[in-house]
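Novice: In the working numbering, the protein residues as written are 1 to 153. Dropping a structure here in structure tokens format, bear with me for questions.
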């Protein structure tokens, strides 16, 4: 009888902490967010959110904790939590400001390194290859290479 009461008392001192992490702007769940449970600044447990933005810590001992949520491209967030708080925890992360300023269009490295006129020559060569006119294709390829060398030099 005493053993059963001891086990029951021990089980009453642990709880589970469940929660979900979302993007503050879109409301979409965030995957692979690092969720750390800290007790007085000391890490006690670590989880990563699943594809639905969910995380779960089982067998959390009675006490107060800090929950740290960190994800690339988002501002880190720390939340104070106590085992007396019931229900799932909802965390919203805010995207970090783009420090480089407004972003322009994305350009592939190939397009950046190969001049437009050289790309046109290579495209002409490809068309001549389809027509099976190898001498014209070779001429266009040589022109494209010459243009590319002029730009580098």
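The beta-carbon is built from N, C-alpha and C at its ideal position, and this holds for glycine as well.
Report all residues from its chain with a CB closer than 6 Å to the CB of residue 9; omit the five preceding and five following residues, and keep chain order.
Specialist: Residue placement at residue 9 is flagged as unreliable, the pLDDT there being 49, under the threshold of 50; the coordinate-derived value follows with that caveat. Closer than 6 Å at the Cβ level, and outside the excluded window around residue 9, lies no residue.
Novice: Identify, in the order they occur along the chain, each residue of the same chain with its Cβ nearer than 7 Å to the Cβ of residue 61, setting aside the five sequence neighbours on each side.
Specialist: 13 and 14
Novice: On a CA-only basis, which of 90, 149 and 74 is nearest residue 80? Give me that one, please.
Specialist: 90
Novice: Can you give me the C-alpha to C-alpha distance between residue 11 and residue 19, rounded to a whole angstrom?
Specialist: With a pLDDT of 49 at residue 11, under the threshold of 50, the modelled position of this residue cannot be trusted; read the value that follows with caution. Going by the C-alpha atoms only, they are around 21 Å apart.
Novice: Which of the three DSSP states, helix, strand or coil, is assigned to residue 47?
Specialist: strand
Novice: Would you check if there are 3 or more beta carbon pairs closer than 8 Å linking the stretch 49–58 to the stretch 26–37?
Specialist: yes
Novice: Sorted by chain position, which residues of the same chain lie with C-beta nearer than 6 Å to residue 127's C-beta, five sequence neighbours on each side aside?
Specialist: none
Novice: Which partner residues of residue 90 appear in the DSSP bridge assignment?
Specialist: 20
Novice: Thinking C-beta only, is residue 76 closer than 8 Å to residue 64?
Specialist: Between residue 64 and residue 76, the C-beta gap is not smaller than 8 Å, which leaves the two residues out of contact.
Novice: From residue 147 to residue 141, what distance separates their C-alpha atoms?
Specialist: 10 Å
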